[in-house]
Amino acid sequence: MRELPHLVYLQAFEAAARHLSFTRAADELNCTQAAISQRVRALEQYFGRPLFRRQASGLELSSAGKAYLPGITQALDMAEAATRGLTGRRERQGITVSAPISFLNLWMAPRLGEFLAGHPGIAVQLNSSIWTDPNIDLADVSFAFEKPELIAPEAIVLCSERLVLVGAGRHAESAARSTPLQEIPQIEIQGKYSLWDIWSDGMGLRRTPGLPLLRVDTAVSALELAAAGAGLTVLYSTYAERLLAGGSITAPLGPGVAVPHVLAMSRNPKRKETGAVRSFMEWVSGHFSGDPAAR
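Going by the working numbering, the first residue of the sequence shown is number 13, and it counts up by one from there.
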């Protein structure tokens, strides 16, 4: 005979741990908050130790709860998959991704077909944002370029970023010949940080104030303009790498400068961590491991 707690206790614990809320767990499992609390307490009595820390600000997993949760989540996922397989109900899994519009267009879109081909049962919805992200609470996974100290502790840092100056045609050639940058048209991406100023400081260059600029709100627009010969732009190397590799733009002053910004990937703790979510996050992480050129 298997030595296991009652299944309803495990379901109550897993839902409460995922939501960090007895109330939301009760809503999911169609029972009362009191029932969830009783089932969790029964499980804690079974182990003889607390699985949660109950605080005025809400629930937190104890060390025992943190150790127990991954195995229980995997076991319930496997039981659910086996049940669907036997009943023939192979429901299509879905994942919602929220990210800056330039990341979705310049990094995600060229690669997503690879993920979909390897995971034909997973539907993907992409929600894009400019500057602020109104879709983040609706997403399973989100991405952000930010300073390390401003990202959530549980976020996965995919890479450290560099800022690179790029252009095409005569403007790139002028920069390569050390023509003063104030004599070359500049394209500036508006946003939280002034990328031109950060790059200039890192390169030890003095940027002339009040330069006439072409301002855009996305790196997509900046790259299109730069590739068309409208001027030079400064942006994250992650955005530029495919066009640089393809030769439609060049980096006339080299690989740029390291900046205190990272690309981070986060899972929404308020939404269930499904097999689809795990597969997607593992796929993204795989592109950022090893040789940066293979990203």
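By construction, the Cβ of each residue, glycine as well, lies at the ideal position given by its N, Cα and C atoms.
- What are the uninterrupted segments assigned as beta strand (DSSP E) that are 3 or more residues long and contained completely in the region 65 to 152, given in chain order? 70 to 73, 105 to 112, 134 to 141
- Under three-state DSSP, which class holds residue 51? Residue mapping note: residue 51 aligns to position 39 of the sequence shown, counting from 1. Correct three-state label for residue 51: helix.
- Task: State the DSSP-derived secondary structure class of residue 198, mapped to helix, strand or coil.
- Result: Start at 1 with the first residue of the sequence shown, and residue 198 comes out as number 186. Strand.
- Item | Three-pair Cβ contact test at 8 Å for the region 101 to 120 versus the region 230 to 237 | yes
- Report buried or exposed for residue 273, applying the criterion of at least 16 other Cβ atoms within 10 angstroms of its Cβ. The count along the sequence shown starts at 1 and reaches residue 273 at position 261. The residue is buried, with at least 16 neighbouring Cβ atoms inside 10 Å.
- Task: Counting only the same chain and skipping the five closest in sequence on each side, list residues whose C-beta sits under 8 Å from that of residue 235.
- Result: The residue given as residue 235 occupies position 223 in the sequence shown. So the list reads 118, 178, 245, 247, 251, 252, 255, 261, once near-sequence residues are dropped.
- Item | Classification of residue 169 by the beta-carbon crowding that lies within 10 angstroms, buried from 16 upward | Translated into the one-based positions of the sequence shown, residue 169 becomes position 157. The residue is exposed, with fewer than 16 neighbouring Cβ atoms inside 10 Å.
- Message: What does the alpha-carbon distance come out to for the pair residue 299 and residue 44?
- Response: Here residue 299 is taken as the residue at index 287 of the sequence shown, counted from 1. Here residue 44 is taken as the residue at index 32 of the sequence shown, counted from 1. Approximately 44 Å, taken between the alpha carbons.
- Given 8 Å as the limit, is there contact between the region 183 to 194 and the region 159 to 169, that is, 3 or more CB pairs closer than that? no
- Message: Going by C-alpha to C-alpha distance, which of 84, 83, 20, 32 sits closest to residue 282?
- Response: Here residue 282 refers to the residue found at position 270 when the sequence shown is read from its first residue. For residue 282, the nearest C-alpha among the options comes from 32.
- Message: I believe residue 276 touches residue 156 by the beta-carbon criterion, under 8 Å. Please report the beta-carbon distance rounded to the nearest angstrom.
- Response: Taking the sequence shown and counting its residues from 1, one reaches residue 276 at position 264. Taking the sequence shown and counting its residues from 1, one reaches residue 156 at position 144. Indeed, because the Cβ distance is near 5 Å, the residues count as touching under 8 Å.
- Message: Would residue 286 and residue 89 qualify as a contact pair, given that the criterion is a beta-carbon distance under 9 Å?
- Response: In the sequence shown, residue 286 corresponds to position 274, counting from 1. In the sequence shown, residue 89 corresponds to position 77, counting from 1. In this structure, residue 89 lies closer than 9 Å to residue 286 by Cβ.
- Message: With H, G and I counted as helix, E and B as strand and the rest as coil, what does DSSP make of residue 166?
- Response: The sequence position of residue 166 within the sequence shown is 154, counting from 1. Residue state, collapsed to three classes: coil.
- Entirely enclosed beta strand (DSSP E) segments - the region 243 to 282, minimum 3 residues: 244 to 248, 269 to 279
- Message: Using only the alpha-carbon positions, how far apart do residue 73 and residue 56 sit?
- Response: Stepping through the sequence shown from its first residue, residue 73 is reached at position 61. Stepping through the sequence shown from its first residue, residue 56 is reached at position 44. For residue 73 and residue 56, the distance between alpha carbons rounds to 12 Å.
- Query: Between 137, 175, 16, which lies nearest to residue 151 when the distance is taken from Cα to Cα?
  - Reply: Here residue 151 is taken as the residue at index 139 of the sequence shown, counted from 1. With distances taken between Cα atoms, residue 151 lies closest to 137.
- Message: Between 153, 71, 184, which has its C-alpha nearest residue 259's C-alpha?
- Response: The sequence position of residue 259 within the sequence shown is 247, counting from 1. Out of 153, 71, 184, 184 has the C-alpha closest to the C-alpha of residue 259.
- Task: Could you say which of 124, 257, 203 lies nearest to residue 292 if we only look at CA atoms?
- Result: Indexing the sequence shown from 1 puts residue 292 at position 280. Residue 124 is the option with its Cα nearest to residue 292.
- According to the Cβ coordinates, are residue 288 and residue 134 closer than 9 Å? Taking the sequence shown and counting its residues from 1, the one referred to as residue 288 is at position 276. Taking the sequence shown and counting its residues from 1, the one referred to as residue 134 is at position 122. It is a contact, given that the beta carbons lie within the stated cut-off.
- Is the Cβ-Cβ distance between residue 76 and residue 61 less than 9 Å? The count along the sequence shown starts at 1 and reaches residue 76 at position 64. The count along the sequence shown starts at 1 and reaches residue 61 at position 49. Contact: yes.
- If you run the structure through DSSP and keep just helix, strand and coil, what is residue 212? The residue given as residue 212 occupies position 200 in the sequence shown. Residue state, collapsed to three classes: helix.
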